[in-house]
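Accompanying notes for the structure given below.
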Amino acid sequence: MFLLLILPILVSGFIVCNTNPVYFYKLHRYEGQYLYLKSAHLGLVSLTVFSLIAFLLSKFLPPVWHICKWDIPVNVISLTRSLLLEASTFQKIEDLNLFTWIIVISLGTILYAYFWSSVSKIRLRFKAGSLEKSKILLVSKVLNDSPLDKLLFESYINSRPLLLTLDTRKVYVGTISSLGEPNESEGMDQEISIIPVISGYRDKDSLKVEFITHYDIVDSDLNIVIRQDQVITASWFDFDIYKKLNP
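First residue of the sequence shown: 206, per our numbering; consecutive thereafter.
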């Protein structure tokens, strides 16, 4: 009968992975069996925590609160047991108690997964000050282990210009205005949106940068979307240094 707990473990783990931002931004890194094990691990944590809470409540919480003329049932275990006893006939009291606990723990584990995710969102928002800043805080931790992702993210946060060279030898100088939203299979390294300042190309033989187009005379709302896998090199760009090296 305890095999019935496998389903709520996996369901609650899936809920945590998809609704808890702490794990959702890392979800694209989990593949195959590792994803199943991660969901099972988070589901097992939900099961363990709720089981402990349910045990303590059943131990110390009275079955009924007497308020004025009303009797309000507050002990979920006792309430579920009484409902099952009315709806079905159990030959053994042990079977009734076991089935009661399985039902309560199964439903409670799934509800606790939503509660866990909600608490994580509130805690992150309180720590960062706003929803957008909490997202930035999480993303910075996820992208910190990739030099290119970190460079693009810092340009996005600080509006600092970058020099990007694509696999077509096309060159863009500008600031990152947007990063791709992560999903279940891909992270934020899908597409980037850049506000270009100047663009050009690298010479085929010398690879020297030749700038052709200046966007300062164009509307500042201009954005160019680039697939991140097309970016060959990226570096900070300083206009003063460039003018000194290219008088």
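Ideal placement from N, C-alpha and C gives every residue a C-beta, glycine not left out.
Residue from the options with nearest C-alpha to residue i
i              : options                           : result
serine 383     : Glu359, Lys243, Ser404 and Leu242 : Glu359
leucine 427    : Val402, Gln433, Asp434 and Asp445 : Val402
aspartate 434  : Leu357, Thr418 and Ser364         : Leu357
serine 351     : Ala439, Arg365 and Thr314         : Ala439
serine 251     : Ile437, Lys448, Tyr319 and Ser364 : Tyr319
leucine 210    : Glu415, Phe219, Tyr317 and Ile307 : Ile307
glycine 218    : Tyr239, Ser244, Lys346 and Ala259 : Ser244
tryptophan 321 : Val216, Val221 and Ile437         : Val221
Other residues of its chain near residue i: CB distance less than 7 angstroms, five sequence neighbours each side excluded
i           : result
leucine 249 : Ile214
Sequence-distant residues of the same chain with beta carbon closer than 6 angstroms to residue i, five excluded per side
i              : result
aspartate 443  : none
isoleucine 431 : Ile397
tyrosine 241   : none
Opposing strand residues paired with residue i [DSSP bridges]
i             : result
proline 401   : Gly379
tyrosine 406  : Lys375 and Glu415
glutamate 396 : Arg432
threonine 224 : Threonine 224 pairs with nothing; no bridge assigned.
Cβ neighbours of residue i in the same chain (closer than 8 angstroms, five flanking residues each side left out)
i              : result
asparagine 349 : Lys355
threonine 227  : The amino acid at residue 227 is misidentified as threonine; the sequence shows valine. Taken in chain order, the residues that qualify are Ser325, Leu329 and Leu343.
Presumed contact (8 angstroms Cβ cut-off) between residue i and residue j, rounded CB distance
i             : j                 : result
valine 344    : tyrosine 230      : 6 angstroms
leucine 371   : isoleucine 381    : About 15 angstroms; that fails the 8 angstroms criterion.
tyrosine 377  : isoleucine 399    : 6 angstroms
threonine 314 : phenylalanine 265 : With 8 angstroms as the limit, threonine 314 and phenylalanine 265 do not qualify as a contact, their Cβ atoms being about 21 angstroms apart.
Terminal residues of the beta strand (DSSP E) in which residue i lies
i          : result
serine 440 : 436-441
Unbroken alpha helix (DSSP H) run spanning residue i, endpoints
i              : result
glutamine 433  : Where glutamine 433 is concerned, there is no enclosing alpha helix (DSSP H), given that its DSSP letter is neither H nor E.
asparagine 451 : Asparagine 451 -> no alpha helix (DSSP H), and no H or E assigned at all.
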